[in-house]
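Novice: Input: one structure, supplied below.
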Amino acid sequence: MSIKGGVHQDLIHDSAAKHVSGRAEYTDDILEPVGTLHAYLGFSTVAHGRITSIDLSAVRAAPGVVEVITADDLPGENDVSANGMHDEPLFATDEVLFWGQPLFAVVAETRDAARRAAALAEVSYDTLPHATDIAASRAAGAPLVTPPLTLKRGAVKPAMAAAPHRIKGQMEIGGQDHFYLEGQLSLAIPGEDEDVRIFCSTQHPTEVQHVVAHALGVPAHSVTVTVRRMGGGFGGKETQMNAFAVIAAVAAKRLNRPVKLRLDRDDDMSSTGKRHDFLAEYEVGFDDEGRILAVDGDFFARCGFCSDLSGPVTDRALFHADNAYFYPDVELRSHPLMTHTVSNTAFRGFGGPQGLIVAERIVEEIAYHLGRDALEVRRANFYGPGRDLTPYHQQVTDNIMAEVVDELVATSNYAARRQAVLDWNAKGGIIRKGIALTPVKFGISFTATWFNQAGALVHVYSDGSIQVNHGGTEMGQGLHTKVAQVVAEAFQVDIDRVKITATTTDKVPNTSATAASSGTDLNGMAALNACEAIKARLAAWAADKAGLPAEAVVFGTEGVSVGDKVTDWAKFIGAAYMDRVQLSATGFYKTPEIHWNRDTGQGRPFYYFAYGASVSEVSVDTLTGEYRVERTDILHDVGKSLNPAIDLGQVEGAFVQGMGWLTTEELWWDDKGRLRTHAPSTYKIPVASDIPREFNVKLASWSENREPTIKRSKAVGEPPFMLAVSVLEALNMAVASLDGYANCPKLDTPATPERVLMACEALRSAPAPAKVLEIGE
Amino acid sequence: MGKKMHIQMQVNGKAEEFLAEPRELLIYTLRERLNITGPHIGCETSHCGACTVTLNGKSVKACTVFVAQADGAEITTIEGLGTPDALHPLQTAFKEHHGLQCGYCTPGMITRATKLLEENPNPTEEEIRFGMAGNICRCTGYQNIVKSIKAAAAEMNAAKEAAE
Chain A
284 MSIKGGVHQD
294 LIHDSAAKHV
304 SGRAEYTDDI
314 LEPVGTLHAY
324 LGFSTVAHGR
334 ITSIDLSAVR
344 AAPGVVEVIT
354 ADDLPGENDV
364 SANGMHDEPL
374 FATDEVLFWG
384 QPLFAVVAET
394 RDAARRAAAL
404 AEVSYDTLPH
414 ATDIAASRAA
424 GAPLVTPPLT
434 LKRGAVKPAM
444 AAAPHRIKGQ
454 MEIGGQDHFY
464 LEGQLSLAIP
474 GEDEDVRIFC
484 STQHPTEVQH
494 VVAHALGVPA
504 HSVTVTVRRM
514 GGGFGGKETQ
524 MNAFAVIAAV
534 AAKRLNRPVK
544 LRLDRDDDMS
554 STGKRHDFLA
564 EYEVGFDDEG
574 RILAVDGDFF
584 ARCGFCSDLS
594 GPVTDRALFH
604 ADNAYFYPDV
614 ELRSHPLMTH
624 TVSNTAFRGF
634 GGPQGLIVAE
644 RIVEEIAYHL
654 GRDALEVRRA
664 NFYGPGRDLT
674 PYHQQVTDNI
684 MAEVVDELVA
694 TSNYAARRQA
704 VLDWNAKGGI
714 IRKGIALTPV
724 KFGISFTATW
734 FNQAGALVHV
744 YSDGSIQVNH
754 GGTEMGQGLH
764 TKVAQVVAEA
774 FQVDIDRVKI
784 TATTTDKVPN
794 TSATAASSGT
804 DLNGMAALNA
814 CEAIKARLAA
824 WAADKAGLPA
834 EAVVFGTEGV
844 SVGDKVTDWA
854 KFIGAAYMDR
864 VQLSATGFYK
874 TPEIHWNRDT
884 GQGRPFYYFA
894 YGASVSEVSV
904 DTLTGEYRVE
914 RTDILHDVGK
924 SLNPAIDLGQ
934 VEGAFVQGMG
944 WLTTEELWWD
954 DKGRLRTHAP
964 STYKIPVASD
974 IPREFNVKLA
984 SWSENREPTI
994 KRSKAVGEPP
1004 FMLAVSVLEA
1014 LNMAVASLDG
1024 YANCPKLDTP
1034 ATPERVLMAC
1044 EALRSAPAPA
1054 KVLEIGE
Chain B
130 MGKKMHIQMQ
140 VNGKAEEFLA
150 EPRELLIYTL
160 RERLNITGPH
170 IGCETSHCGA
180 CTVTLNGKSV
190 KACTVFVAQA
200 DGAEITTIEG
210 LGTPDALHPL
220 QTAFKEHHGL
230 QCGYCTPGMI
240 TRATKLLEEN
250 PNPTEEEIRF
260 GMAGNICRCT
270 GYQNIVKSIK
280 AAAAEMNAAK
290 EAAE
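So the protein sequences, as listed, match chains A and B.
Residue numbering for the first sequence follows the numbering used here, beginning at 284 and increasing consecutively.
Residue numbering for the second sequence follows the numbering used here, beginning at 130 and increasing consecutively.
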């Protein structure tokens, strides 16, 4: 017999019944306290300029307006940067650095009144030249928002010079809007003394707490931030909630009334950060077998107007510019460029996808050059014993990439299907096909080592029910479900006894962002440690009473046994309470083994790696550029899964989101520096009819984390996002067929139908093919 | 302030009557006036579907329907389909088949799916995908949503056969 809801079981999301009946409470659903006011923002209407005058009299005079708040009204510093760089003003005061930058806030009796009033501001500017993209930023002298990073091993110049083959190339990689279904919003309720309580949709309650305290000029202990659940986060609520929470809090304290701020979607998309666009310039040296000898790469990123998380994001791009491949001699440099756009931020993968995709493109380039199946080139370059040192000098010790790929090759029938695609294309029709298999290796841990800590608070009540709180936030990923499973397993009770409560800074302090895929690894372990502390007290008490050693106390499915006597859990706990045993404990965890020295570019930033691979097959209409993903097969490694059903959902969702990033989701700024794709009407997010027509997703059932992580599982949030690269390279192949695979079409991303068509046209107008792809065995 | 209009509507079987500016958007009527918070605000431009409700037998995006257009209408939201203790088969299926993650799109998704299955009680996977293409989910990749709807269709068809 086993308990209901322990670990390694398929279990539904803890809020599923509430979600399907419309009873799950999001921040916007919280009943507004009597007297709640609504704030809105006034935004800049130039991309770069000096404010020459700002007249807010019409705003103040508008119906329903209670207050207007400018930078002068802030009790603390006009800064919401969370990284200590002091480069992110809440309100622009003199110089405006992007279109849509907040200038002031207006507080009114209704949200409608606040929005209407905000539009009445009269602001004049001396406009200044702006650089909204990477090329313009480089032309303007390539200012950086944060110090760059170089990763280096060996001597790349002589290795490159000695290589039998060399290719130089570049790749443009587009950004991405999070489009969390629930937009940014915050409700602040003033309390006595300096207190303020904030309900908001954030992945990082502790950071909101600190930034609000900073803006109010009060100690952190006065600010409490609570989040029960988010309607999606994806990294977009790691730092981006800070400004909105500050405005609500400042207004609430100033007016002594609750204040709510919920952004309209268009303003949300225009004035919050996104995934970084990148331009990669690379050179690769390789031998006749396609084995990589040297890689030299520059990674330019559109960071926006301030640093935010651009340092660690561009670092992570370099950390993943090798993907699963050994580069004997290598030098990689990041260029976190300042641009006159909203500051880009965390987004699932955190720069990793932009690095990884370049490794995959390099492999494709080699394959086209040598006339081989790219899979052969991939296999020839996988990390393995003796070829296992990354560009950041961490040794890859598990080396299961080949095993994952081998299994997927077999289950997806890759070889026969690739032959069928080649045969189809050889007929020369308008519809061309492509197929590609791409691997993923992704490093798990925050590269900011101190972030790799977590706390939990577990209460066992005298009736035997259990309440758990931990520092992680729930955004749909099933974190609370997994942690509840860990707790149920620890006490050997059914999961119905375990209740997870809202994340709040007054229960568990000093938490890290729920980010970097680390939520379960960190918080699951912290919760387990709290449970173990309570169990140890219970065991000591029960053993002492029975005159037995503590080992004689066993927490089992039937109850707690002490020697041969088994007591029902609730009765056991009731007795422990009556005998004055402390039934509450905190738990703490910090990831062991990891260290990283950014100055030397060496260390072990990652505790372990997660792996996966995917095969995608596409059909492309070469007269229109339109395409369809016919089939995708995925094999993904989550170690020994805590909850396979939830993990499969993460893999499927991440893949489709990644596919959106690489195919249809295009951010487009006009010549005035305005984002013109600021709603789902113009920004195309995948819908149900866009997903692969056949979609086979499996977890590697044999995998087990070699590190002692929580129940030997692995993180799952980000790694599968990059499985979508197989779609891009399959599109590339379909286009390449137009000239007999003689050239790598080098599709940039997003590979919109427009871009695919242009790539087709480029090949059609190119000279006739000189060689034909050889087909590997 | 515009002139107010006398509005009557049936929401989840309950008669509602109030004065409202005709341009008030139905999603605000539901969420802020009637405290029916299952339908969510997503994009406010009728593209994401988080606010989908059934109005006089048709799926509509409540964020772009004026309350004046809903005068005299019968409206069903997710709250009118079932309660946590007595779920509609589609609600059960979404719950059991992991057809949700963050849950924010779920009420609109399920409300839309009820109409889809009325229009086409036995849809193919392809028909489900196209029939649900007006509702965005950013979390699941749709795979489990499609599975949930298929499972609910089978369940509902079996129940119908048993009743006949």
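Backbone N, C-alpha and C fix where the C-beta goes; we use that ideal spot for every residue, glycine too.
Which of the three DSSP states, helix, strand or coil, is assigned to Pro1052 of chain A?
Specialist: The residue you call residue 1052 of chain A lines up with position 769 of the first sequence. Residue placement at Pro1052 of chain A is flagged as unreliable, the pLDDT there being 49, under the threshold of 50; a coordinate-derived value is accordingly withheld.
Novice: Nearest chain B C-beta to Pro792 of chain A closer than 8 Å, yes or no?
Specialist: Numbered from 1 along the first sequence, position 509 holds the residue referred to as residue 792 of chain A. Chain B contact via Cβ: absent.
Novice: To the nearest angstrom, report how far apart Gly802 of chain A and Thr353 of chain A are at their CA atoms.
Specialist: Within the first sequence, numbered from 1, the residue matching residue 802 of chain A stands at position 519. Within the first sequence, numbered from 1, the residue matching residue 353 of chain A stands at position 70. Whole-angstrom Cα-Cα distance: 37 Å.
Novice: If you drop the 5 nearest sequence neighbours on each side, which residues of the same chain put their C-beta closer than 8 Å to that of Arg398 of chain A?
Specialist: In the first sequence, counting from the first residue as 1, residue 398 of chain A sits at position 115. Taken in chain order, the residues that qualify are Tyr323 and Asp547.
Novice: Quick one: grab the DSSP three-state call for Ser996 of chain A.
Specialist: Translated into the one-based positions of the first sequence, residue 996 of chain A becomes position 713. DSSP places Ser996 of chain A in strand when its eight states are reduced to three.
Novice: Which residues in chain A have a C-beta closer than 7 Å to the C-beta of Leu223 of chain B? List them in chain order.
Specialist: The residue labelled residue 223 of chain B in the question sits at position 94 within the second sequence. The question names Leu, but residue 223 of chain B is Phe in the sequence shown. In chain order: Val303.
Novice: What is the DSSP secondary structure of Thr335 of chain A, reduced to helix, strand or coil?
Specialist: In the first sequence, residue 335 of chain A corresponds to position 52, counting from 1. Thr335 of chain A falls in the strand class under three-state DSSP.
Novice: Counting beta carbon pairs with one atom in the region 295-313 of chain A and one in the region 158-171 of chain B, are three or more of them shorter than 8 Å?
Specialist: In short, these stretches touch, since the Cβ pair count reaches three.
Novice: Which same chain residues end up closer than 6 Å to Val999 of chain A when comparing Cβ atoms and leaving out the 5 residues on each side of it in sequence?
Specialist: If you number the first sequence from 1, residue 999 of chain A lands on position 716. So the qualifying residues of the chain are Val921, Asp930 and Gln933.
Novice: What does Arg258 of chain B reach in chain A if we use C-beta pairs closer than 9 Å?
Specialist: As a first step, residue 258 of chain B must be located in the second sequence, where it is residue number 129. Near Arg258 of chain B (Cβ distances below 9 Å), the residues of chain A are Val970, Ala971, Ser972, Asp973, Ile974 and Arg976.
Novice: Taking the straight line between their C-alpha atoms, what separation do you get for Asn829 of chain A and Thr850 of chain A?
Specialist: Looking up residue 829 of chain A in the first sequence gives position 546. Looking up residue 850 of chain A in the first sequence gives position 567. Looking at the sequence itself, residue 829 of chain A is Ala, so the reference to Asn does not match. Going by the C-alpha atoms only, they are around 13 Å apart.
Novice: Around the Cβ of Asp338 of chain A, are there at least 16 other Cβ atoms within 10 angstroms (buried) or fewer (exposed)?
Specialist: Counted from its first residue, the first sequence places residue 338 of chain A at position 55. When all chains shown are included, Asp338 of chain A counts as exposed.
Novice: Please name the residue or residues paired with Ala144 of chain B in a DSSP beta bridge.
Specialist: Position 15 of the second sequence, counted from the start, is the residue given in the question as residue 144 of chain B. Beta-bridge pairing links Ala144 of chain B to B:Gln139.
Novice: Beta carbon of Phe892 of chain A, beta carbon of Lys994 of chain A: below 8 Å?
Specialist: Here residue 892 of chain A is taken as the residue at index 609 of the first sequence, counted from 1. Here residue 994 of chain A is taken as the residue at index 711 of the first sequence, counted from 1. Against a cut-off of 8 Å, the Cβ pair of Lys994 of chain A and Phe892 of chain A comes out as no contact.
Novice: Under a Cβ-count criterion, where at least 16 other Cβ atoms within 10 Å of its own Cβ denotes burial, should Ser554 of chain A be classed as buried or exposed?
Specialist: Along the first sequence, one-based indexing puts residue 554 of chain A at 271. That one is buried.
Novice: What do you reckon, are the CB atoms on Thr721 of chain A and Val1008 of chain A nearer than 8 Å?
Specialist: Indexing the first sequence from 1 puts residue 721 of chain A at position 438. Indexing the first sequence from 1 puts residue 1008 of chain A at position 725. Yes. Within cutoff.
Novice: In the DSSP assignment, find the unbroken alpha helix (DSSP H) run with Lys854 of chain A in it and report its ends.
Specialist: Along the first sequence, one-based indexing puts residue 854 of chain A at 571. Segment Trp852 to Met861, the alpha helix (DSSP H) holding Lys854 of chain A.
Novice: Classify Phe734 of chain A as helix, strand or coil using the three-state DSSP reduction.
Specialist: Taking the first residue of the first sequence as 1, we reach residue 734 of chain A at position 451. DSSP places Phe734 of chain A in helix when its eight states are reduced to three.
Novice: Is the CB-CB distance between Lys790 of chain A and Asn735 of chain A below 8 Å?
Specialist: On the first sequence, residue 790 of chain A is found 507 positions in, with the first residue counted as 1. On the first sequence, residue 735 of chain A is found 452 positions in, with the first residue counted as 1. No, they are not a contact pair.
Novice: Just mark Ile1058 of chain A as buried or exposed, buried being the case when its beta carbon has 16 or more other beta carbons within 10 Å.
Specialist: By 1-based counting over the first sequence, the position of residue 1058 of chain A is 775. The pLDDT assigned to Ile1058 of chain A is 43, lower than 50, so where the model puts this residue is not dependable; a value taken from the coordinates is nonetheless given after this. Result: exposed.
Novice: Determine, using beta-carbon pairs with one atom in the region 1026-1034 of chain A and one in the region 663-678 of chain A, whether at least three such pairs fall under 8 Å.
Specialist: Contact between the region 1026-1034 of chain A and the region 663-678 of chain A is absent, because fewer than three Cβ pairs lie under 8 Å.
Novice: Of all the CB atoms in chain A, is at least one closer than 8 Å to the CB of Ile265 of chain B?
Specialist: On the second sequence, residue 265 of chain B is found 136 positions in, with the first residue counted as 1. Closer than 8 Å to some Cβ of chain A, the Cβ of Ile265 of chain B qualifies, so yes.
Novice: Which ranges would you report for the beta strand (DSSP E) in the region 330-418 of chain A if only whole runs of at least 3 residues count?
Specialist: The qualifying runs are 332-338, 348-352, 385-391 and 405-410.
Novice: Name, please, each residue of chain A whose Cβ falls closer than 9 Å to the Cβ of Ala262 of chain B.
Specialist: Counting from one through the second sequence, the residue named residue 262 of chain B turns up at place 133. Correct list: Val970, Ala971, Ser972 and Asp973.
Novice: Output yes if chain B places a C-beta closer than 8 Å to the C-beta of Glu1057 of chain A; else output no.
Specialist: Start at 1 with the first residue of the first sequence, and residue 1057 of chain A comes out as number 774. For Glu1057 of chain A, the pLDDT reaches just 46, beneath the cut-off of 50, and the residue's location in the model is therefore unreliable, leaving the point undetermined.
Novice: Is Ile817 of chain A closer than 8 Å to Ala868 of chain A when the C-beta atoms are compared?
Specialist: Taking the first sequence and counting its residues from 1, one reaches residue 868 of chain A at position 585. Taking the first sequence and counting its residues from 1, one reaches residue 817 of chain A at position 534. Result yes, Cβ atoms of Ala868 of chain A and Ile817 of chain A sit closer than 8 Å.
Novice: Please classify Ser1020 of chain A: does DSSP put it in a helix, a strand, or coil?
Specialist: Walking along the first sequence from the start, residue 1020 of chain A turns up at place 737. Helix, per DSSP.
Novice: Please check the pair Thr786 of chain A and Thr756 of chain A, which I expect to be a contact at CB under 8 Å, by giving their CB distance rounded to whole angstroms.
Specialist: Taking the first residue of the first sequence as 1, we reach residue 786 of chain A at position 503. Taking the first residue of the first sequence as 1, we reach residue 756 of chain A at position 473. At roughly 5 Å, the Cβ-Cβ gap stays under 8 Å, so Thr786 of chain A and Thr756 of chain A are in contact.
Novice: Just curious, the alpha helix (DSSP H) that Lys828 of chain A is in, first and last residue?
Specialist: Looking up residue 828 of chain A in the first sequence gives position 545. Its alpha helix (DSSP H) spans residues Gly802 to Ala829.
Novice: For a contact defined as C-beta to C-beta under 9 Å, what are the partners of Ala281 of chain B on chain A?
Specialist: If you number the second sequence from 1, residue 281 of chain B lands on position 152. Result: empty, since nearest Cβ-Cβ is about 11 Å, beyond 9 Å.
Novice: Here's the rule I'm using: 16 or more other beta-carbon atoms within 10 Å means buried, otherwise exposed. How should Thr522 of chain A be labelled?
Specialist: Here the question's residue 522 of chain A lines up with position 239 in the first sequence. With 16 or more other Cβ atoms within 10 Å, it is buried.
Novice: First and last residue of the beta strand (DSSP E) that includes Met238 of chain B?
Specialist: The residue given as residue 238 of chain B occupies position 109 in the second sequence. Run containing Met238 of chain B: none in the beta strand (DSSP E); it sits in the alpha helix (DSSP H), Thr235 to Glu248.
Novice: Pairs of beta-carbons, one from the region 945-957 of chain A and one from the region 456-470 of chain A, closer than 8 Å: are there three or more?
Specialist: Result yes; three or more Cβ-Cβ pairs closer than 8 Å.
Novice: Quick one: which residues of the region 866-889 of chain A get their C-beta closer than 8 Å to a C-beta of chain B? List them in chain order.
Specialist: Those residues of the region 866-889 of chain A that come within reach of chain B (Cβ to Cβ, closer than 8 Å) do not exist; the list is empty.
Novice: For Asp311 of chain A, decide whether its Cβ has a neighbour in chain B, counting only Cβ atoms nearer than 8 Å.
Specialist: Your numbering for residue 311 of chain A matches position 28 in the first sequence. Answer yes: the Cβ-Cβ gap between Asp311 of chain A and chain B drops below 8 Å somewhere.
Novice: With H, G and I counted as helix, E and B as strand and the rest as coil, what does DSSP make of Cys1043 of chain A?
Specialist: The sequence position of residue 1043 of chain A within the first sequence is 760, counting from 1. It is helical.
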